[in-house]
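Participant: If you read the sequence shown in the numbering used here, its first letter stands for residue 4, the second for the next number, and so on. What follows is a single structure, and I will ask about it in a moment.
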Amino acid sequence: MIAKAVGTIDGDVIRLDQPLGLPHASRVELTITPLDVSHGGWDEFMDDLERLCDEQPVGSGGKRYTRDELHERR
């Protein structure tokens, strides 16, 4: 059986969010990957994206519609 689980490290014990349903005292092999719970990386990414858009604007070469043209009802 291969399963993916999420949990919290509490001292030397891993507390799983959901039980795996394995027999008591089963031996398993683990791969631990820390979860990035901060949003600081996202904010930094958005700041970089805004800076890039300011430095390298994308010109579509298409017609620039007015507000009235964009919201025209037929």
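Each residue gets a CB set at the ideal place from its N, CA and C atoms; glycine is no exception. Note that this is a predicted model, so its numbers are computed, not measured.
Would DSSP call Asp20 helix, strand or coil?
Facilitator: coil
Participant: How big is the Cα-Cα spacing for Asp51 and Asp71?
Facilitator: For Asp51 and Asp71, the distance between alpha carbons rounds to 33 Å.
Participant: Taking Asp13 as part of the beta strand (DSSP E), name the residues at either end of that continuous run.
Facilitator: Gly10 to Asp13
Participant: From Ile35 to Leu55, what distance separates their C-alpha atoms?
Facilitator: 35 Å
Participant: Between which two residues does the alpha helix (DSSP H) holding Leu73 run?
Facilitator: In the DSSP assignment, Leu73 falls within the unbroken alpha helix (DSSP H) covering Arg70 to Leu73.
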